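Each remark here refers to the structure printed beneath this line.
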Amino acid sequence: MRNLNEEEIQKLRKFDFSKAKGFVEAEDVLSKEIGVQGSERRNEFNAKAQAWYYGEILRDRRKSLQLTQQDLAERIGKERTYISRIEKGETDMQLSSFLQIAEALNLKIRLEAVMV
């Protein structure tokens, strides 16, 4: 597999995939397979997806610092299996634990108000 050159990247950015044959909106797929926005099943799916997403961020950062799960666990006073479950998105951690792990990984957390 080769990398795209700048011209190919620009062409892709300008391409309107929504007009491509067989294109389906992600929302349509999610609504059909998981449930419509606001449904209990969709809310559960979204919560699990977010847990997985943040677990990926923490895992990638841990690895970039060349720390093992055990190293991180020792830094925050938890078991290695707890770190493993977080990285797999298998547990819903408390905000205090998230902040503790972020600090141990030298991550900066920023809250930003969004105007709607």
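Under the numbering used here, think of the first position of the sequence shown as -5, with each following residue one higher. C-beta atoms are modelled at their ideal positions from N, C-alpha and C, and glycine is treated no differently. Because the structure is a prediction, the values reported are computed rather than measured.
- Sequence-distant Cβ neighbours of R35 in its own chain, meaning closer than 8 Å and more than five residues away, are I28, G29.
- Scanning its chain for C-beta atoms nearer than 6 Å, with the 5 sequence neighbours on each side dropped, one finds around I103 the residues A96, in chain order.
- Judged by DSSP in its simplified three-state form, N37 adopts helix.
- If you draw a straight line from the Cα of R69 to the Cα of I51, it is about 18 Å long.
- Taken atom to atom, the span from the alpha-carbon of G49 to that of F11 is near 30 Å.
- Two segments are said to touch when three or more pairs of C-beta atoms, one from each, lie closer than 8 Å; by this definition the segment 80 to 92 touches the segment 35 to 47.
- Contact between A67 and R74 holds: their C-beta atoms lie close to 5 Å from each other, under 8 Å.
- One thing to note: L99 has its Cβ within 8 Å of the Cβ of L59.
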